[in-house]
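Engineer: Can you read through this structure? Questions will come right after.
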Amino acid sequence: AMIYISYVGCYLGQKNYAFWLQALISEEGWKKEEVGGFGSAFQISSAASKLFNGPIVDAMSPKQALASTLLVIGLCNLLIFTVESPSINFAIWAVNGAFQGAAWPALTRIFMNWFPDPAVRGTWYGLLSTNQNMGSTLVPLALPALMKAQGWRFGTQGPGWCCIAISLLLFLTLQDYPNDQAAKRQQQPKEEDKSKKEESESGSE
11 AMIYISYVGC YLGQKNYAFW LQALISEEGW KKEEVGGFGS AFQISSAASK
61 LFNGPIVDAM SPKQALASTL LVIGLCNLLI FTVESPSINF AIWAVNGAFQ
111 GAAWPALTRI FMNWFPDPAV RGTWYGLLST NQNMGSTLVP LALPALMKAQ
161 GWRFGTQGPG WCCIAISLLL FLTLQDYPND QAAKRQQQPK EEDKSKKEES
211 ESGSE
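In this note's numbering, the protein residues as written are 11 to 215.
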């Protein structure tokens, strides 16, 4: 459930962009050519980050990678537009895109750890993949009304706080492996050390 919610959070932190763009033009006086820079910055950084995010995620705990990714996405959504410089705001949104590219590799690693049986993995993976549809559906259903009530800046602040809250839940509750597999992985090095020690002792005799 937590990995499902986590990717819904990622979508909240990126699909909101379509709803605050118009407010930038109508309320903040940005030009259309300027606001187009957000989409370019996000897509370029997201695509480029996928070249190296996989190896980075492989080298660390997938739980830590996924939770950290959501934390940064949340912070980017909170920090954007706290300064007036378009260049800085583009850079913040580009950082969001770069970290978005790390979310799916981390999520997939956790999924594979929890569902190692290929007989049922396809069923569960099909269910998991609906998180993208869920996130894409929630944003247009909820965000416009909330922005109308709270102001256009809620379009970034609301998703930002949601991502941070989900990140904290992941840090506190998510595990890289089910309990039984985690115990086996902890026991495996001990058994290997014991086996090597026995081989060494038998060789010395």
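Using N, Cα and C, we set each Cβ at its ideal position, and we do this for glycine too.
Helix, strand or coil: which one does DSSP assign to Gln196?
Structural biologist: The count along the sequence shown starts at 1 and reaches residue 196 at position 186. Because Gln196 sits at a pLDDT of 48, beneath the cut-off of 50, its placement in the model cannot be relied upon, and the point is left open.
Engineer: For Phe164 and Phe91, I'd like the C-alpha separation in whole angstroms.
Structural biologist: As a first step, residue 164 must be located in the sequence shown, where it is residue number 154. As a first step, residue 91 must be located in the sequence shown, where it is residue number 81. Taking the straight line joining both Cα atoms gives about 11 Å.
Engineer: Please confirm if the segment 19-26 is in contact with the segment 172-180, defined as three or more CB-CB distances below 8 Å between the two stretches.
Structural biologist: These segments touch.
Engineer: Quick check on Asn99: does DSSP put it in helix, strand or coil?
Structural biologist: The residue labelled residue 99 in the question sits at position 89 within the sequence shown. Looking at Asn99 - three-state DSSP - the assignment turns out to be helix.
Engineer: With a CB to CB cut of under 6 Å and the five nearest residues on each side skipped, what residues in its chain are close to Ala108?
Structural biologist: If you number the sequence shown from 1, residue 108 lands on position 98. Contacts found: Ser55, Ser59.
Engineer: What residue from Val130, Ile120, Tyr27 has the CA that sits closest to Asp68's CA?
Structural biologist: The count along the sequence shown starts at 1 and reaches residue 68 at position 58. Closest option to Asp68, Cα to Cα, is Ile120.
Engineer: Going by other Cβ atoms of all chains shown within 10 Å of its Cβ, with 16 needed for buried, is Ile35 buried or exposed?
Structural biologist: Position 25 of the sequence shown, counted from the start, is the residue given in the question as residue 35. Under this definition Ile35 is an exposed residue.
Engineer: Does any residue of chain C have a CB that is nearer than 9 Å to the CB of Pro128?
Structural biologist: Annotation note: the requested chain C is absent from the structure, which comprises a single protein chain.
Engineer: Can you say whether Lys158 is buried or exposed, counting buried as having 16 or more other CB atoms within 10 angstroms of its CB?
Structural biologist: Counting from one through the sequence shown, the residue named residue 158 turns up at place 148. So Lys158 ends up on the exposed side.
Engineer: Report yes if the CB atom of Asn26 is closer than 9 Å to the CB atom of Leu182, and no otherwise.
Structural biologist: In the sequence shown, residue 26 corresponds to position 16, counting from 1. In the sequence shown, residue 182 corresponds to position 172, counting from 1. No, they are not a contact pair.
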